[in-house]
Structure formats: structure tokens, C-alpha cells
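Encoded as C-alpha cells, the structure appears first; notes follow it.
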Amino acid sequence: MDEAFHWLHTSFEQRDGLLVYLRVGPVFDCLRSDQRFSELLGRMGFREGLVLPVEHCPV
432 MDEAFHWLHT
442 SFEQRDGLLV
452 YLRVGPVFDC
462 LRSDQRFSEL
472 LGRMGFREGL
482 VLPVEHCPV
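If you use this note's numbering, the sequence shown corresponds to residues 432 to 490, in order.
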């Protein structure tokens, strides 16, 4: 899990546009319970409480 956060922080520093999927991408579900995930979302300017699984997002 530490390696995953290493790469997420690297992607953040490089302003990787794919990070917009952090809030909804099911691939990130296993990381959501980690405090570092919430901290990263905060650094990105996302408000807490808006992390939704894809199936709950309107199309």
C-alpha cells in the first residue's frame, strides 16, 4: 500500500490529469480507508464526503 501512495503522490506532483478518477474509480477502493487517501484528496481540493463508488454516480 505504501508503494501505491508513493505513486499517487508522484502523480499529484506531476499534475497527472487521471487523478480526477480518485473519487470514483473502483481501482482505488482498497485505498479509501487509509488516512493518506483523504489527505491526498484534500491536497487536490476535493471536499471530504464526496467519495462515491462509480455505481452511485449519475450518468
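C-beta atoms are modelled at their ideal positions from N, C-alpha and C, and glycine is treated no differently.
Three-state class that DSSP yields for residue i in the structure shown
| i | result |
| --- | --- |
| Phe477 | coil |
| Gln466 | helix |
| Arg454 | helix |
Exposure label - residue i; buried when at least 16 CB within 10 Å
| i | result |
| --- | --- |
| Leu471 | buried |
| Leu449 | exposed |
Straight-line Cα distance separating residue j from residue i
| i | j | result |
| --- | --- | --- |
| Leu439 | Arg478 | 18 angstroms |
| Leu475 | Phe459 | For the sequence presented, residue 475 should be read as Met rather than Leu. Distance between the alpha carbons of Met475 and Phe459 is about 16 angstroms. |
| Glu444 | Gln466 | 19 angstroms |
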